[in-house]
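Quick note: the sequence shown uses the numbering used here, first residue 2, plus one each step. Quick notes on the structure that follows.
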Amino acid sequence: MHKHSRYGLVPRPQILFLPVLIVATLVVSTAVALWLSAVNGIYRDVQFAVPFGLQLGMMVSPVAYKTETVVPEKWRLVDYLNPKAGLLQCYRWALLGSDFPSPMALLTSSFAVGVMLIGGMFYFRRMERFLADLS
């Protein structure tokens, strides 16, 4: 411990990765927003399902638990398809000092984010002509 720290805690060097994780979080949010905004613009009832979907997403995302302790080995690949799974493990590593995420978690979650982002951009672009501009 550093003798000049006020509370006896010194940030770990991994904290320097925090800006990268924040940008990655913005990419995930953009991917989800592209899909939801395009679908909501066409089917207005989607706005009522979004809060339920967000709550479900919070429940299946490993926020308060480590994937390795809760999800059986045979289901981890499915869990890592959640775009936030690998990202949350990275936050846990950078902020709390837990183990670095497995390469499988990072690759699978990154692939899922990439598919969602590219698919969302194409879908939004295709549906854009059907969206009403009320401004």
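C-beta: ideal position from N, C-alpha, C; glycine also. Small disclaimer: the values here were computed from a predicted structure and weren't measured.
Does the structure place the segment 32–48 close enough to the segment 109–123 that three or more beta carbon pairs sit under 8 Å?
Judged by Cβ distances under 8 Å, the segment 109–123 makes contact with the segment 32–48, as three or more pairs qualify.
For F1, which option in Q56, Y44, P102 and R13 has the closest C-alpha, if you only look at C-alpha atoms?
This structure leaves residue 1 out entirely; the chain is present only between 2 and 136.
On the criterion of 16 or more Cβ atoms from any shown chain inside 10 Å, does K85 qualify as buried, or is it exposed?
The residue is buried, with at least 16 neighbouring Cβ atoms inside 10 Å.
I believe C91 touches L22 by the beta-carbon criterion, under 8 Å. Please report the beta-carbon distance rounded to the nearest angstrom.
With 8 Å as the limit, C91 and L22 qualify as a contact, their Cβ atoms being about 5 Å apart.
Simplified DSSP state of A65, which is helix, strand or coil
Of the three classes helix, strand and coil, the one that applies to A65 here is coil, per DSSP.
Determine, using beta carbons only, whether Y81 and A106 come nearer to each other than 8 Å.
In terms of Cβ geometry, Y81 and A106 form a close pair [threshold 8 Å].
To the nearest angstrom, how far is the alpha carbon of N41 from that of Q48?
As the crow flies, the alpha-carbon of N41 is around 6 Å from that of Q48.
Kindly list the residues whose CB is nearer than 7 Å to the CB of P14, restricted to its own chain and excluding five residues on each side of it in sequence; keep chain order.
By the criterion of a C-beta distance shorter than 7 Å, P14 is surrounded by no residue of its chain, once the five residues flanking it on both sides are discounted.
Contact set for V64: own chain, Cβ-Cβ below 7 Å, skip 5 residues either direction:
Here V64 has L89 as same chain residues with Cβ atoms under 7 Å from its own Cβ, once five neighbours each way along the sequence are excluded.
Apply the 10 Å Cβ neighbour rule to T70 and answer buried if 16 or more other Cβ atoms are within range, or exposed otherwise.
The residue in question, T70, is exposed, as its Cβ has fewer than 16 Cβ neighbours within 10 Å.
From E129 to L37, what does the alpha carbon distance come to, in whole angstroms?
In this structure, the CA atom of E129 is about 13 Å from the CA atom of L37.
Using DSSP with H/G/I as helix, E/B as strand and the rest coil, what is L10?
Note: L10 maps to coil in three-state DSSP.
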